[in-house]
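Residue numbers (the numbering used here), protein chains in the order written: chain D, 1 to 334; chain R, 1001 to 1334.
Beneath this line is the structure, given in structure tokens, with notes to follow.
Quick look at the structure:
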């Protein structure tokens, strides 16, 4: 692993830290449009592929049967902040299938958004599975199991019927093998599979365009992307990069972060999918990378490109609100 | 910046992320004992030099005048969790000088330790400067100002009489220039200066041994190191690496983390100082690096070396407590 430095962190005028990474941009026919670094090395996409993992929720007819609209579908693709709106919508999704938080097998953690944590604590509450940033995805899994008549207990385990459906979807969309050889366990206990960035970028171009996917899958993919872009608050939450970026160009950009510095993304109007990983796993750098890459891809659209270049240069302030530095893409990306 | 990968993060058996870095180990005479990567590049040590920044508190006689023991001196060198014990001791230190939290100019943030945050919120509280992880250092600054008759307002600013005393101490101990050219602003608003790892390692060997320092400074340095090693809870807090590592070998190892992946450390019985930085700023990797380096240095002591090698291989578990991976030093360090 020896990829180029793509992002620098400055304190004053001095580079304090640096982040190497790799980036792949592909079209839906599998043509490489941009590759930086080693795009053939297998990486764990983690939560960045939640939209692919939400396909069976739509394809099985569960989403329609339970009357799920954009918000529910966005939450099924989310790594959310655990804000009240996220928690209550995940609860409502489960209720449609006659379930509650006890069915969730993702584990509990305090909300990742600090204000949500302090509000929960102040009200005397403690977190349960609904506060887990993956609870929307898990609620989607459980609803699909119930609708399809699949026993839901143990749904997080490799080999469970529903995990096999997810594995089929991931293999089909990315064209990469997903099996015991490249399997790890994710933070929420489901399997995660290491695949090359090139396959992920190709897969997200397919998701955005429907090209190369069966009809029903193509429709489900477009519906999920549209839902996330229409309701970006439910994909992440207050102050979150994914939410802010998708809001900045409604309906035109799709981004999803994954743990350990991953993004899967798409520019649907260009038919392009993007996948990238910061080698060291830093989300702050992966955010700069995806914004800088998108700015390159939409260079023809001055207004949008300018917005994206701003996302690629976040300012760092300290506890007194004083500007102390910032992040910037290196020449390789800028 | 192109240092070797020193730490790998595994998910299952697959390397998910990797952290390059540089390490310097020097003795008090300035002899290099171990150098990995670029140890001449200037890095911001951030909070890793708090022990040097606490020297004037002792040297001015303020610590004695206010009756400060090991706990207070350890807190003056700390990046603490904001637990009740830390907050109340910082408050008591200020009270000795007739001050309270309003004199602090470090800014407020919720405690970095989650349980401290939820307990504070549950009790209806909000954070003030005392909860800032640097409040002990700032309390020490304020006490020294009051004792020495220095106007304390604006004490965080470059050029303030007390910051000039700190700058003199940093230059004297490390032998590196500290001035406007290599200055940045730290999270708590005081100046931080970028200096080479080699100078920092040499400086921490001097702190540990007193060699090359004026008598009064040598005594102050030894007293501060002894205080931190005697009361490691007050240097960091519950579940924190610095606290756990110093507790594992009472009085024999000194470590202090700094933001953006820095450690300054010492093995006093060997007369060695250590300074290292993870290039990408990851604290998780810097912890593995310092433990692995220390294990190398004390290889002659099987029991201690074994403990340190355990610190260098932390296990990663997920929200259900399932082991999903871990960190390990690469061959360069192991």
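Backbone N, C-alpha and C define an ideal beta-carbon position, used for all residues, glycine too.
Per DSSP, reduced to three states, the secondary structure at residue 1160 of chain R is coil, with no helix or strand assignment. Under the Cβ distance rule, residue 1318 of chain R counts among the residues neighbouring chain D, one pair being separated by less than 8 angstroms.
DSSP places residue 1047 of chain R within a helical segment (H, G or I) once states are collapsed to three. In this structure, the alpha-carbon of residue 215 of chain D lies about 14 angstroms from that of residue 61 of chain D. For residue 1279 of chain R, the chain D residues whose Cβ falls inside 7 angstroms of its Cβ are 17, 18, in order along the chain. Boundaries of the alpha helix (DSSP H) around residue 1223 of chain R: 1215-1230.
Residue 153 of chain D counts as exposed, since fewer than 16 other beta carbons sit within 10 angstroms of its beta carbon. By the rule that beta-carbons nearer than 8 angstroms mark a contact, residue 40 of chain D does not touch chain R. Listed along chain D, the residues sitting closer than 9 angstroms to residue 1189 of chain R by beta-carbon distance are 318, 319, 320, 322, 324. Annotation: residue 1132 of chain R to residue 1104 of chain R spans about 10 angstroms, alpha carbon to alpha carbon. Per DSSP, reduced to three states, the secondary structure at residue 104 of chain D is coil, with no helix or strand assignment. Counting along the chain, residue 32 of chain D sits inside the beta strand (DSSP E) bounded by residues 32-36. Rounded to whole angstroms, the gap between the alpha carbons of residue 1095 of chain R and residue 1319 of chain R is 42 angstroms. Here the alpha carbon of residue 1013 of chain R sits roughly 26 angstroms from the alpha carbon of residue 1294 of chain R. Shown in chain order are the members of the segment 1106-1118 of chain R whose Cβ falls below 8 angstroms from a Cβ of chain D: 1106, 1107, 1108, 1109, 1110, 1114, 1117, 1118. Contact of residue 1011 of chain R with chain D by beta-carbon distance below 7 angstroms involves 44, 184. Taking 8 angstroms as the threshold, the shortest C-beta distance from residue 1101 of chain R to chain D does not fall below it. Assignment of residue 1268 of chain R by DSSP, reduced to helix, strand and coil, places it in the helix class. At a cut-off of 8 angstroms, the C-beta of residue 1198 of chain R has no neighbouring C-beta in chain D.
For residue 63 of chain D, not one C-beta of chain R is nearer than 8 angstroms to its own C-beta.
Between residue 92 of chain D and the set D/76, D/309, D/281, D/38, the nearest pair of CA atoms involves D/76. Within chain D, the residues whose beta carbon sits less than 7 angstroms from that of residue 1194 of chain R are 14, listed in sequence order. If you draw a 10 Å sphere on the C-beta of residue 1242 of chain R, you find 16 or more other C-beta atoms in it, and that means buried. Using beta-carbon distances, residue 124 of chain D counts as an interface residue toward chain R, with a partner under 8 angstroms.
Within the segment 1256-1275 of chain R, those residues whose Cβ lies closer than 8 angstroms to any Cβ of chain D are, in chain order, 1260, 1261. Within the model, the alpha-carbon separation for residue 1186 of chain R versus residue 98 of chain D is close to 52 angstroms. Residue 1027 of chain R is bridged by DSSP to R/1272. Proximity of residue 334 of chain D to chain R, defined by a Cβ-Cβ separation below 8 angstroms, is not satisfied.
Closer than 8 angstroms to the CB of residue 1172 of chain R there is not a single CB belonging to chain D.
Put simply, the backbone Cα of residue 162 of chain D is about 52 angstroms away from that of residue 1184 of chain R. Linking residue 1269 of chain R to residue 1147 of chain R through their CA atoms gives a straight-line distance of about 34 angstroms. When 7 angstroms is used as the limit between beta carbons, residue 132 of chain D is near these residues of chain R: 1319, in chain order. In the DSSP assignment, residue 1115 of chain R falls within the unbroken alpha helix (DSSP H) covering 1114-1122. With a cut-off of 8 angstroms on Cβ pairs, the segment 208-222 of chain D is in contact with the segment 18-28 of chain D, counting three or more such pairs. At a Cβ-Cβ threshold of 8 angstroms, residue 1083 of chain R and residue 1111 of chain R count as neighbours.
Under a criterion of Cβ atoms nearer than 7 angstroms, the residues of chain D adjacent to residue 1121 of chain R are, in order, 118, 121, 122.
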